[in-house]
Every structure is written in structure tokens, then in C-alpha cells.
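Worksheet: the structure to be examined is printed underneath.
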């Protein structure tokens, strides 16, 4: 550890408009080279969901969508695009809240977020929306494997998206896909400096890493990838699902 | 901006056990000197709630607490300390959920969190618990004023605590007090690279900064303060209250 201990967050720009079928690992390696960044063991890569979804073709042309009656009524009541609402409903397993023009659902993956992660921002084409990757952990695993093959060492991957929260205003970046690191740090049973045994401290570190990455990514800065360097992560086969509250313990279903 | 753009998170240890009445700004300046860190304009200081509460004497000796019947029943049912439950109830404005041994309340400040922020970890004395600071924004403002007087320039302050979330597993650091920076970054009305006007992007950047700081603070590493260097914050009179969802818009009361 240097004195003081330090974590660095580096932002990678230099990405083209990502389109379906593009080789995302190659784009990331090219972006790093353009920024004169050499990946190093210990680095963590945070990649925004948007470019993953674009590369995987998780895009919907709204001109192909026929809204259901429910979608049409909701859209009319709240001045929304009925086709986009229809896509939200199709991506949803369960409606959590539908009020005040806000549509919060549980996605097919189990994420609870606004609009099932369907988003029209930072997408080319006026009638196109992006979806969350079909399986963000699998997306992260593929990226990890491709980068390991290219680099010769392991880089943990976090795929991030910005979600709203209950009770708190504003959205924050969270981890939707994880590969190569523990998504949580479990301190239960460990003893603090005063001899107190911690009993409730499970830190969602992958979410904190995703949040940290957002600070350099921004929403309009064209930096869809961040490198986090110097964080003592636990190498493990963590997943984005590790960050979902077990429904049987969730008091806010 | 360097190439690539970079944010650094530095952790400050070298704190004594903080006790009521201690001069927190002096302790922070001493810790920085011990780590050979010179504060610089542009730095943001994240300070964990625990040392703020200790310095302010926001501690309760449980031996002085007479539990109410409700506290005693709940504690007996779930194997908790009835005196600590009583303190939680006293710190609460409203019970949000009380089930499965979990007590989630709205604090007097308006925060929704487990146990009203009452916590026995990292506190000296087996019968002592810490409370959230009475007014975390005021605590942040005092720290900001004292450090500005000492340093000759402004350092924005975030006071952080770790809160659980609905739907997601694990706790994350959030901002409970803020001074000298905008707590949110409001992108509404701005246009992305594809000409799409963002309509829902309000980033809770103070929460993301708090989360980033936790990565270096840890729970057991004795680093209660982090410096975030290189983040292009908006200098403004933001507050921790800016991060609370307006009750009239909160679908998860």
C-alpha cells in the first residue's frame, strides 16, 4: 500500500458509436491504447450497460412494436410513447409500482428499476430504445474471457447501469453484471477495534465500484468504460444476482 | 484533464479513538500531515458519520435507557438488546417496516434506514451506541468552515453512512450531510450525442462520492476519512436533504 492508500479511477473515451456485432473487447483495448493506458493485474473494469447492449444488439426499433391496450392507456394518461411502454411491459416480470407516471417493474433478470431498464438516451435512431443485456453476468463473463485471452491475466468486470432508489432522490450507478470478483464483502463475524463482533455488515462493493466509476464516466462525456486501480477486491466468481435481495427477505416487494 | 481523465481516492488513517468534544478539523489536519497529504483546491472530503457523532457526543449509554413495552417485546421476540431498540424508536419519526427482526424507520432527519442509524460497531464501551449526528448538514458546514479557516480555501464536505436499500442486497455508503457542493447533478434538458433530450437523469453524485470513499475506508481499516481528488464537482450549497425523495413523490413510504 502506498502512503496514503489510494484508489484511482481512470475514464476511457475514444469509442466509436457501438453497433450490433461489434467486438467490444477489441474496442476496449483500442480505447485504452488511445489513452496510453496499459491494463495491469489488479485493475477492475467497469463497463456501462449501454455499450454492452448495443454490441449485443439488445435494441428495439419501436416502429415494429404494437402497443397493448394497457400500454396505450398508460402512455395516453402520462404523455409517454405507447410503443416504449409496451417494450417496458414485455421486459418486465412483475409491476412493482405504476403511479404518477412512474413505472417501476421487476425485470426478467430480477432487477427492480424504472422502465425495466428500457432507455432511449445515448442510442442512435429516434425510434430505437436499448434494453438491458439479456444476461449481464454472461456478458461480463464473455468480456472477462476475451480480455484475459488478449492480456494474459485476469481483469474482473462490472457491467453498470443507473437505477433509482426507494426513499432517496436521484439515480446512482449499480452493478448489473459481475465477473471475476466478489460482489459483496461480508464482514459478519469479524471483530472491530473495540472487540465488537459485526453482525450486519455486508457491503455491496460491486455497487460501490459501479458508483465510483460513474463519477468519471458521466452521462454526456462519452466515457463508457472506467478502470478502477488499487482496490483490494476479492477474486471470486461473484455475480450481479448476488446483489439482488432474496424475495423472501425483501420487505419492499 | 490529464489523459486519461482520472479521479483519485486517498484514505486517511492515523486517527485516535475520537471522544466527545475532540476537535475534528484538527484531527483531520493532523491525519493528513501524518500521511504526507497536502489538501488542495478541488479536493472533496468524505468523513464517516461515526467519528462526527463521537466528536459531537451523539452517543448513548444504554445503561441509562428504560425500554418501552414495545421495545422489550420486539427485543425478546428477535433476540435483540431492548435498550438499543428503545433508542432506535426514540430516534425514529415513523416505522417503515418492522418484520423478520428487521426494523426500518424514518429518522427525525427524514432518512429511511435500518435501526434509525443507531449502531454499536466501532464504538468504545460495550454498553454504548452511536446515533446519527443531530444535523449532519450543520456538522458538514462546521467542518467546512473550520477547514477553510485553516487552509485558506474551500473543501466541500460529505458526511457518509452505510445504508441498506430496497430490493438490493448489502449496504452501501451514502451521503447524510453535505456542504459546499451540489448533492445532485441534474442533466434534464441536456442533449446527448444523438440529439436525444435527457428527461430523467438526475444523478445523486454525493451518494456516488460517498460510495467511492467507502472503497478506501473499509469497515475495519481505521480510515474514517477519504479525500476525493479530480472530480469536477459543482460548487454549490447542496445539502443531504437534497438526496431525500419528496414524500409526496415517494412510492415506497
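Chains as they are written, first to last, in this note's numbering: chain X, 1 to 253; chain A, 1001 to 1253.
Just so it is clear, CB atoms sit at the ideal spot from N, CA and C, and this is done for glycine as well.
These numbers were taken from a predicted model, which means no experiment stands behind them.
Where residue i sits in the DSSP three-state scheme
i                       : result
residue 1087 of chain A : helix
residue 53 of chain X   : helix
residue 139 of chain X  : helix
residue 28 of chain X   : helix
residue 131 of chain X  : coil
residue 1240 of chain A : helix
residue 1059 of chain A : strand
residue 205 of chain X  : helix
residue 185 of chain X  : strand
residue 249 of chain X  : helix
residue 1178 of chain A : strand
residue 1258 of chain A : What is shown of chain A runs 1001 to 1253, which leaves residue 1258 of chain A out entirely.
residue 1119 of chain A : strand
Residues sharing a beta bridge with residue i, DSSP
i                       : result
residue 1104 of chain A : A:1097 and A:1114
residue 1199 of chain A : For residue 1199 of chain A, which the question treats as bridged, DSSP gives no partner whatsoever.
residue 1163 of chain A : A:1172
residue 6 of chain X    : A:1010
residue 1064 of chain A : Bridge partners of residue 1064 of chain A: none, in fact.
residue 1216 of chain A : Its beta-bridge partners do not exist; DSSP assigns none.
residue 1191 of chain A : A:1197
residue 1048 of chain A : A:1160
residue 92 of chain X   : X:107
Own chain residues within Cβ distance below 8 Å of residue i, not counting five before or after
i                       : result
residue 1202 of chain A : 1184, 1185, 1186, 1187 and 1188
residue 61 of chain X   : 125, 127 and 128
residue 1248 of chain A : none
Sequence-distant residues of its chain with Cβ nearer than 6 Å to residue i (five each side left out)
i                       : result
residue 1022 of chain A : 1055
residue 1085 of chain A : 1071, 1074 and 1075
residue 246 of chain X  : none
residue 120 of chain X  : 129
residue 1251 of chain A : none
residue 1067 of chain A : 1082, 1083 and 1086
Beta-carbon proximity list for residue i, same chain, < 7 Å, skipping 5 on both sides
i                       : result
residue 237 of chain X  : none
residue 1 of chain X    : Residue placement at residue 1 of chain X is poorly supported in this model, since its pLDDT is 43, which falls under 50; the coordinates still yield a value, given next. There are no such residues.
residue 1207 of chain A : 1174, 1175 and 1243
residue 94 of chain X   : 105 and 106
residue 1009 of chain A : 1212, 1213, 1215, 1216, 1226 and 1228
residue 139 of chain X  : 52, 56, 133, 159 and 177
Neighbour list for residue i in chain A, Cβ cutoff strictly below 7 Å
i                     : result
residue 7 of chain X  : 1009, 1215 and 1216
residue 81 of chain X : Result: empty, since nearest Cβ-Cβ is about 11 Å, beyond 7 Å.
Residue i: contacting residues in chain A (beta-carbon distance under 8 Å)
i                      : result
residue 153 of chain X : Correct list: empty, because the minimum Cβ distance to chain A is about 20 Å.
residue 202 of chain X : 1169, 1170 and 1171
residue 131 of chain X : Those within 8 Å of residue 131 of chain X in chain A number zero; the least Cβ separation is about 16 Å.
Within chain X, partners of residue i - CB distance below 7 Å
i                       : result
residue 1252 of chain A : 166, 167 and 252
Proximal chain X residues relative to residue i, where beta-carbon distance stays under 8 Å
i                       : result
residue 1018 of chain A : In chain order: nothing, as chain X lies at least about 12 Å away.
residue 1257 of chain A : Outside the displayed range of chain A (1001 to 1253) lies residue 1257 of chain A, so it cannot be described from this structure.
residue 1099 of chain A : 251
residue 1147 of chain A : The contacting residues do not exist; residue 1147 of chain A stays about 17 Å from chain X at best.
Neighbouring residues, chain X, relative to residue i (Cβ below 9 Å)
i                       : result
residue 1242 of chain A : 169 and 170
With 9 Å as the C-beta to C-beta threshold (strictly closer), list the residues of the segment 1156–1170 of chain A near chain X in chain order.
1162, 1163, 1164, 1165, 1166, 1167, 1168, 1169 and 1170
Quiz item: Just by C-beta distance, which residues in the segment 1209–1224 of chain A are closer than 9 Å to chain X?
Solution: 1209, 1210, 1211, 1212, 1213, 1214, 1215, 1216, 1218, 1219, 1220, 1221, 1222 and 1223
Contact list for the segment 1035–1051 of chain A against chain X, Cβ threshold 9 Å: 1035, 1036 and 1037
Chain A contacts made by the segment 105–127 of chain X, where a contact means CB separation under 7 Å = 112, 120, 121, 122, 123 and 124
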